[in-house]
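Accompanying notes for the structure given below.
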Amino acid sequence: FCQEVIAQFSERCSESGLRYSITVLPEQAQSLSTLLRCAFDCFTSDSVTSDSVVPDQAAPKPEQLLERLLNLTGDSIMLIREAQESALTDPMTELPNNRAVEAAFCRYVQQYEATGDPFSVLLIDGDHLKRYNEELGYAEGNRMITRLGRLINAQMREGDLAGRWMFGDEFLVLLKNTPRAKGALMAERIRRVICSHSNTWPIPVSVSIGVAGCPENGTDYAALIKTAEEANKTAKREGKNRVK
Numbered sequence: 242f243c244q245e246v247i248a249q250f251s252e253r254c255s256e257s258g259l260r261y262s263i264t265v266l267p268e269q270a271q272s273l274s275t276l277l278r279c280a281f282d283c284f285t286s287d288s289v290t291s292d293s294v295v296p297d298q299a300a301p302k303p304e305q306l307l308e309r310l311l312n313l314t315g316d317s318i319m320l321i322r323e324a325q326e327s328a329l330t331d332p333m334t335e336l337p338n339n340r341a342v343e344a345a346f347c348r349y350v351q352q353y354e355a356t357g358d359p360f361s362v363l364l365i366d367g368d369h370l371k372r373y374n375e376e377l378g379y380a381e382g383n384r385m386i387t388r389l390g391r392l393i394n395a396q397m398r399e400g401d402l403a404g405r406w407m408f409g410d411e412f413l414v415l416l417k418n419t420p421r422a423k424g425a426l427m428a429e430r431i432r433r434v435i436c437s438h439s440n441t442w443p444i445p446v447s448v449s450i451g452v453a454g455c456p457e458n459g460t461d462y463a464a465l466i467k468t469a470e471e472a473n474k475t476a477k478r479e480g481k482n483r484v485k
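Numbering (the numbering used here), first residue to last: 242 to 485.
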């Protein structure tokens with residue numbers, strides 16, 4: 242029974258956002274001192290054996306063990322949260338990465354299914370970034386991608402999301418409660434903001450933006466992404482630096 246309680250405690254420790262919890266054994270089980278010692282051993286090793294249970298007189302005071310457990314748990318939660326954030330963040334632009342954007346996309350679809358709230362999808366692709374890599378080097382090209390990401394992110398409203406997409410100079414934007422027509426206006430605003438900064442950069446850069454709307458162009462992930470991709474290709478084909 243003691244091991245079962247410890248296992249429950251250990252499982253809770255692995256969850257992000259944990260509220261500290263100590264389960265006290267019923268009176269027929271070990272004392273609180275022994276329980277805390279077992280829990281501490283469980284938390285700091287791969288397994289618990291009968292050797293983990295020590296006599297009360299050999300164990301530290303319960304409050305000392307509890308303090309050590311809470312400190313370990315707090316450190317672990319911090320590491321877990323940092324790992325989770327790292328797994329969902331693009332290290333170069335510090336924007337949400339492809340995985341995070343896909344998860345948010347699914348939440349937007351679920352919100353539409355539940356409430357009928359529309360949303361727009363913008364696929365933004367940098368123009369002329371290849372010249373940066375060829376003429377100035379990949380490091381400068383990466384800095385340019387970071388600049389674009391910051392400018393795009395600065396245009397987001399509360400509830401919107403901008404993240405890095407599949408390829409180097411692609412970004413995906415999700416606009417909450419925004420039908421396609423308004424999404425296109427937002428895309429044009431982003432395009433103009435980037436153009437207004439273009440002359441300050443070593444090589445001028447613009448963006449081509451493809452727009453898709455839910456429900457106008459579909460109500461599922463695959464349909465909306467396909468529409469945004471096709472619109473982006475059209476913008477590129479028709480001369481770049483435009484919204485489609």
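Glycine included, each C-beta is placed from N, C-alpha and C at the ideal position.
Problem set entry | Three-way DSSP call (helix, strand, coil) for K417 in this model | Here the question's residue 417 lines up with position 176 in the sequence shown. Of the three classes helix, strand and coil, the one that applies to K417 here is strand, per DSSP.
For this session: Give the DSSP bridge partners of G404, in chain order.
Result: Position 163 of the sequence shown, counted from the start, is the residue given in the question as residue 404. L413.
For this session: Label S437 either buried or exposed according to how many other C-beta atoms from any shown protein chain fall within 10 Å of its C-beta, with 16 as the threshold for buried.
Result: Taking the first residue of the sequence shown as position 1, residue 437 is located at position 196. Under this definition S437 is an exposed residue.
For this session: Would you mind reading off the limits of the alpha helix (DSSP H) that contains V350?
Result: One-based indexing of the sequence shown puts residue 350 at position 109. Unbroken alpha helix (DSSP H) run through V350: 339-356.
Exercise. For N383, which option in G357, V484, L416, P332 has the closest C-alpha, if you only look at C-alpha atoms?
Worked result: The residue labelled residue 383 in the question sits at position 142 within the sequence shown. N383 has its Cα closest to that of P332, out of G357, V484, L416, P332.
Exercise. If you draw a straight line from the C-alpha of N231 to the C-alpha of A464, how long is it?
Worked result: The chain is shown only over 242 to 485; residue 231 falls outside these bounds and no answer can be derived.
For this session: Pick helix, strand or coil for L364, following the three-state DSSP scheme.
Result: As a position in the sequence shown, residue 364 is number 123, starting the count at 1. The answer is strand: DSSP assigns L364 an E or B state.
Problem set entry | I450 - DSSP class collapsed to helix/strand/coil | Here residue 450 corresponds to residue number 209 of the sequence shown, with the count starting at 1. Three-state DSSP puts I450 in a strand.
Exercise. Mind pulling the beta strand (DSSP E) runs of 3 or more residues that sit fully within the region 426-474?
Worked result: 447-455
For this session: Report the partner residues of T387 according to the DSSP bridge assignment.
Result: Within the sequence shown, the letter at position 146 stands for residue 387. According to DSSP, T387 bridges with nothing at all.
For this session: Check each candidate in G404, E470, A476, I365 and name the one with the smallest Cα separation from L336.
Result: What you label residue 336 is simply residue 95 of the sequence shown in a count that begins at 1. Per the Cα distances, G404.
Problem set entry | Under 8 Å between C-beta atoms of F412 and I365 | Position 171 of the sequence shown, counted from the first residue, corresponds to residue 412. Position 124 of the sequence shown, counted from the first residue, corresponds to residue 365. Cβ distance < 8 Å, so F412 and I365 count as in contact.
For this session: Note down the Cα distance separating E354 from I444, rounded to an integer number of angstroms.
Result: Taking the first residue of the sequence shown as position 1, residue 354 is located at position 113. Taking the first residue of the sequence shown as position 1, residue 444 is located at position 203. One C-alpha to the other measures close to 44 Å.
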